[in-house]
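Visitor: Sharing a structure with you now.
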Amino acid sequence: MSDNELKSAEHREAETREEVKSPSLYKVLLLNDDYTTMDFVVQVLEEVFHKAPAEATQIMLHVHKKGIGLCGIYTRDIAETKVATVHELARGKGFPLMCMMEKE
Ligand code: TYC
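In terms of the working numbering, the sequence shown is residues 3 to 106.
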């Protein structure tokens, strides 16, 4: 008899649950400031977050009015890379644009 057959159905089910546990997800959020241009924020939303032009503009205007807005939800490594990319692109243009991630 194999190892697997000796385990109770409950044990096998518990093991299966652990194996399929999904990774934690993180919101990537953009913060408003007074200096970054609207065009640059829309460009970032299109190029980094793969938003279509109309949605990118909606998100940018939401952040402009409310102070913060959601760009997307990703696993930790992807979210960290998006935040770093936004900061690198913004600093390259001399903008103070801030991006952050928050565990869901
Ligand atoms: N508030 C900026 C302006 O008036 C535009 C802006 C929007 C900046 C969204 C950052 O995340 C941001 N030029």
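Cβ atoms here follow ideal geometry from the backbone N, Cα and C, with glycine treated the same way.
Everything numeric in this text was worked out from a predicted model, so none of it was measured.
1. Please list, in chain order, all residues of the same chain as ILE87 whose beta carbon is under 6 Å from its beta carbon, the five residues on each side excluded.
2. Taking only the alpha-carbon atoms, compute the straight-line gap between PRO25 and GLY74 and give it to the nearest angstrom.
3. At which residues does the alpha helix (DSSP H) containing GLU2 begin and terminate?
4. Beta carbon of MET62: closer than 7 Å to some heavy atom of ligand 1?
5. For the alpha helix (DSSP H) that THR83 lies in, which residues bound it at each end?
6. Using a Cβ-Cβ cutoff of less than 8 Å, which residues in the same chain neighbour LEU33 once the five nearest sequence positions on both sides are dropped?
7. Give the single residue among LEU31, TYR37, GLU21 whose Cα lies nearest to the Cα of GLU82.
8. Within its chain, find whatever has a CB closer than 8 Å to the CB of THR77; leave out the 5 residues flanking it on each side and keep chain order.
9. Applying the 10 Å Cβ sphere with the 16-neighbour rule, what's the burial state of LYS95?
10. In three-state DSSP terms, what is LYS23?
11. Run through DSSP, which three-state label would LEU99 get?
Guide: Checking against the coordinates, here is how it stands:
1. Checking the sequence shown, residue 87 turns out to be Thr, not Ile. Result list for THR87: VAL50, in chain order.
2. 16 Å
3. This structure cannot settle anything about residue 2, because the visible part of the chain is limited to 3 through 106.
4. yes
5. 78–94
6. VAL65, GLY69, ILE70, LEU99, MET100, CYS101, MET102
7. LEU31
8. PRO25, SER26, LEU27, TYR28
9. exposed
10. coil
11. coil
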